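Position in the sequence shown (from 1) plus 367 gives the number in our numbering. Here the structure is laid out as structure tokens; the discussion comes afterwards.
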Amino acid sequence: RLNDAPEQGQLMAEPIVHKLSHKDLYCSFWAVSEDEISGDFNFYSKPEAQQLGMPIIIADFVAKKL
């Protein structure tokens, strides 16, 4: 969860609402450069990412927008 938008980030789509039985999730997807991200992360190509298990909202975004 981000507290603020990334300084050099580009919003990739309008926020998407994902309705769960008990909660509505408001999801935003940002494009940022690798040097703007701190931490120990793994990076994947689109085909590699599609082989991973991921929540439906993320899988749909990857399939339709990337």
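No residue lacks a Cβ here, since even glycine has one placed at the ideal position from N, Cα and C. On a predicted model such as this, the values are computed, not experimentally measured, just so you know.
Tell me whether residue i sits in a helix, a strand or coil according to DSSP, three-state version.
i, result
"Lys-413", "helix"
"Lys-432", "helix"
"Ile-404", "coil"
"Asp-391", "strand"
Considering only residues of the same chain and omitting the five flanking positions on each side of residue i, which have a CB-CB separation below 6 Å?
i, result
"Leu-392", "His-385"
"Val-399", "Pro-373 and Gly-376"
Near residue i, which residues of its chain fall below 8 Å by C-beta distance, leaving aside the five closest residues on each side in sequence?
i, result
"Tyr-354", "With the chain covering only 368 through 433, there is no way to say anything about residue 354."
"Glu-403", "Pro-373, Glu-374, Gln-375 and Gly-376"
Between residue i and the rest of its own chain, which residues show a CB-CB distance below 7 Å, the 5 nearest in sequence each way excluded?
i, result
"Ser-394", "The sequence given here has Cys at residue 394, not Ser. Excluding positions up to five away in sequence, the list reads Pro-382, Ile-383, His-385 and Ile-424."
Legend entry - Segment contact flag, the region 422-432 with the region 374-385, C-beta cutoff 8 Å, min 3 pairs: yes
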